[in-house]
Amino acid sequence: MKEFYEPMLYLSTPEHPNTMSVVAELKEPIDGAILKAVVDELCVRFPYFYVKAVAKDNDVYTEPNPLPMTVRNTWEPINFNSQQSNYHLAAWKYEGTRLALEMSHSISDGAGVLPYVKSTLYLYLCRKTGLALDPAGIRLPGEVIPQSETGNPFAGLDIDGAKEPMYTKQPTQDFYRVKVEGASEPQVHCIRIAESELIQYCRDFDGSPNAMIAVLLARAARAYDPDNEKTVTVSVAIDHKAMLGSRDNYRMFANIIELDFPKSRSLDDLLKSCTVARGQMMLQAQPENSLWAMKNRKLTYAKLGQLPLDVKLNVLAKSAGSARWTFSVSYVNSRSFGSVDPYLEAVYVIAEPGVFDIGCEIFCNDHNFVVTILQSFTADRFVEIFLNELSSVGIDYELLHQEPLRLCGIEPFSEN
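Here's what the structure looks like:
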C-alpha cells in the first residue's frame, strides 16, 4: 500500500488539473538549446521531478520516466500524463525573456520546487554568460542527494499518538462567491511591490504579507459586491512539513488555515483587521495542528487503500475539486536566488484556480514581492478594485502582466 507521505495523484483531473508554475523573467532572451541541455542534465540531481504516473496495486504511483522532460518555445499549454509531455508530470517552457517550470501540484509545492528552479537558472546563466557564478546554495549534479530531501519527512515523529489540538476551525459552508463577470476564461494579473514598502506596512499595521493581502482581498470583495451579506472566506496556505521541522523535503504537504470575514465585522480599521486575521492564523498554525493533520492523512490513506481505483479516479477526485473558499492566499518567501539575482527581472508563482473563486500567489525575491491574482473570468473590475485597496493604504505597485492564464492541464489517469 502507498505510504501516507507519497503523492495523492488521483486528485488531479482534466476538470481540476491542480497544476502550478514558477515563472522567471530574465533580462535577456532565452536560449532554448542551453535551457534544454540544462534540464536534461539536472535529471540526476532531481530525479523525483522526472517522473510519470503508473496505475498499480489499486493506486497511482510516480515512477522514473526515461523520456526527456519537454522544453517548449511557446507559452501555450500542453497536458501532463500525455504524449505531448512525454508522459511527465512536469514541463518547461520559454518565450522571449520568460521561462517557466510547470508541474503537478500533487508532487510538490512552491517551496519544494524552488531548489530545482534555482539550479536550472544557475546552470543556464553560467553557460549563457560564460561566467563562473557563485554556486552557494545551489544543488548541482554530482552531489549526494540527502535522505532529508527524499525520505519520509516525518520520520521520528509520533504521528499515530497525535492528540486532537486545542483549537480546530470548522469550515464556513455558505460563504461569499465572487460574482463572475466577462467570459469564463481564466486570467492572471502580476503585480510588483517593493519589499521594503509592503514589510513596512506590515509592521505598522500588525500584519504579515499573507494576512494583509487577505484583509485587502476581503475589503475589495465588499466594494465589489456591497449588498452581499455572506461571509468572505480566505484560505491561507501553510506547509505541514515545515511546521514540523522538515524544510528540505520536496514533497507536497501544503495545506490551509481559514480566515473568516463576516459582513458584520468592519474592515475600515486596517490595524484591527490585520490583528484579527493574524490571531485567526496563529490559532490554527501550530505544530500540534500539523501533527494531527498528518495522523488524519495517514488514516485517510489507509481507508482509501481499500476503495477500488476507479472510485478514487472519479468520485473522490470530483469532490476534491469543488469550491471551498472565496479567496486563496499562498506566500512563498525565497528572498534570494543567490548569484543569479542580477540577471532576473522578476520571479513569480501561478497556481490553477480550482477550489476558490480568486487565487493570490505571493512571491518574494531580491527585495521585491510579485503578487499574482488568478481568476476564472476575463473582466478586470475585481482586480482594479483590489489595486485601489493597495493605493488606499499607500502601497505603490507596478502591473507587470495582464494576460490569459495558460497552465498545463492533465490527461486522466488510466488503470490500463
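Position one of the sequence shown corresponds to residue 1 (our numbering), numbered consecutively onward. Cβ coordinates follow ideal geometry from the N, Cα and C atoms, glycine included. Because the structure is a prediction, the values reported are computed rather than measured.
Three-state secondary structure (DSSP) of residue i
i: Val-113; result: helix
i: Thr-326; result: strand
i: His-367; result: coil
i: Val-315; result: helix
i: Tyr-10; result: helix
i: Val-93; result: Before going further, note that residue 93 is Lys rather than Val in the sequence given. DSSP places Lys-93 in strand when its eight states are reduced to three.
i: Leu-99; result: strand
i: Leu-283; result: helix
i: Ser-426; result: Within the shown structure, residues of the chain are numbered from 1 to 416, placing residue 426 beyond reach of any answer.
i: Arg-247; result: coil
i: Ser-104; result: strand
Beta-carbon proximity of residue i to residue j, cut-off 8 Å
i: Leu-125; j: Tyr-397; result: no
i: Leu-387; j: Ala-351; result: no
i: Val-393; j: Tyr-201; result: yes
i: Arg-251; j: Gly-112; result: yes
i: Val-39; j: Pro-141; result: no
i: Ile-385; j: Tyr-224; result: yes
i: Pro-412; j: Pro-14; result: yes
i: Met-281; j: Ala-194; result: no
i: Gly-182; j: Thr-378; result: yes
i: Tyr-10; j: Val-54; result: no
i: Glu-403; j: Lys-27; result: no
i: Met-1; j: Ile-159; result: no
i: Asp-248; j: Glu-149; result: yes
i: Thr-19; j: Glu-102; result: yes
i: Pro-262; j: Thr-231; result: yes
Span of the alpha helix (DSSP H), counted from its first residue to its last, around residue i
i: Glu-25; result: Segment 19-26 is the beta strand (DSSP E) holding Glu-25; no alpha helix (DSSP H) there.
i: Trp-292; result: 287-304
i: Lys-263; result: Careful: Lys-263 lies outside any alpha helix (DSSP H) and carries neither H nor E.
i: Lys-241; result: 240-243
Reference residue i, options the options, closest by Cα
i: Phe-382; options: Ile-358, Ile-256, Val-393; result: Ile-358
i: Ala-317; options: Ser-106, Ile-213, Phe-261, Ser-266; result: Ser-106
i: Leu-217; options: Trp-325, Gly-137, Ile-410; result: Trp-325
i: Leu-399; options: Gly-245, Phe-377, Arg-192; result: Arg-192
i: Glu-63; options: Glu-3, Asp-57, Val-51, Met-69; result: Val-51
i: Pro-209; options: Gln-402, Phe-369, Ala-24; result: Phe-369
i: Ile-410; options: Ala-33, Leu-259, His-88; result: His-88
i: Ser-264; options: Asp-227, Asn-296, Met-294, Pro-7; result: Asp-227
i: Cys-408; options: Glu-361, Pro-186, Met-281, Glu-197; result: Pro-186
i: Phe-253; options: Leu-259, Met-243, Asp-260, Pro-262; result: Met-243
i: Ser-330; options: Ser-119, Thr-97, Leu-259, Pro-77; result: Leu-259
i: His-213; options: Glu-389, Arg-127, Arg-406, Lys-93; result: This sequence places Ile at residue 213; His is not what is there. The shortest C-alpha separation from Ile-213 is found at Glu-389.
i: Arg-127; options: Ile-34, Met-69, Ser-119; result: Ile-34
i: Arg-406; options: Glu-6, Met-8, Tyr-5, Val-22; result: Val-22
i: Val-433; options: Val-332, Pro-262, Phe-356; result: The structure shown does not extend to residue 433, since the chain is modelled only from 1 through 416, so no value can be given for it.
i: Val-215; options: Asp-248, Ser-328, Ser-246, Ile-238; result: Ser-328
i: Glu-41; options: Ala-100, Arg-139, Ser-322; result: Arg-139
i: Asp-206; options: Asp-239, Gly-156, Val-144, Gly-279; result: Gly-279
N-terminal and C-terminal residue of the beta strand (DSSP E) that residue i is part of
i: Leu-307; result: It is not in any beta strand (DSSP E) - Leu-307 carries neither H nor E in the DSSP assignment.
CB contact check: residue i to chain C, cutoff 8 Å
i: Leu-405; result: This model lacks chain C altogether; it includes just one protein chain.
Every unbroken alpha helix (DSSP H) inside the region 169-237 [4 residues or more]: 195-204, 209-224
Uninterrupted alpha helix (DSSP H) stretches inside the region 116-169 (no shorter than 4 residues): You should have 147-150.
To test your reading of the DSSP string, which unbroken beta strand (DSSP E) runs of 3 or more residues are found completely within the region 35-73? 51-56, 59-64
Curious, which full-length beta strand (DSSP E) runs of at least 3 residues does the region 334-410 contain? 344-351, 356-365, 368-375, 398-404
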